[in-house]
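Throughout the sequence shown, residue numbering follows the numbering used here, covering 12 to 93 in sequence. For glycine and all other residues, C-beta sits at the position ideal for the given N, C-alpha and C. Just so it is clear, the structure is predicted and the values come from calculations on it, not from any experiment. Here the structure comes first, spelled out in structure tokens, and everything after it is commentary.
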Amino acid sequence: MIAVVGTPASAEAHDAYDDSQSHPLRLVAYLLNPVGFATEWLIMRPIHFAVSQPQLERVFGHTPHEDPFSYDPYRGEEPEGY
């Protein structure tokens, strides 16, 4: 009974370890990544949502993003008679 209970279960990682993960700054990245993720979702995205409202775009100087599937850059609104 002790042999069955005392034997460790086999441990398997879901991802193989390689030398690219052995850099000491990788530990810092593991700690900072959740902070950056939370900052993006809790602070930056709500700010972007607020300043990208059609009524407020001119106030904040927001311009729509370029079409990622086109080669044409965003030119903004062209003045009359252009």
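Distance CB(residue i)-CB(residue j) smaller than 8 Å
{"i": "SER63", "j": "HIS73", "result": "yes"}
Coil, strand or helix - residue i by DSSP
{"i": "PHE116", "result": "No answer is possible for residue 116: it lies beyond the span of the chain, which begins at 12 and ends at 93."}
{"i": "PRO65", "result": "coil"}
{"i": "THR74", "result": "coil"}
{"i": "ASN44", "result": "helix"}
The alpha helix (DSSP H) enclosing residue i, as first and last residue numbers
{"i": "HIS59", "result": "56 to 62"}
Proximity to residue i [Cα-Cα], best of the options
{"i": "HIS59", "options": "LEU36, PHE71 and GLU23", "result": "PHE71"}
* To do: Any chance you could list the beta strand (DSSP E) runs of at least 3 consecutive residues sitting entirely within the segment 18 to 42, in chain order?
  => Segments of the beta strand (DSSP E) lying fully in the segment 18 to 42: there are none.
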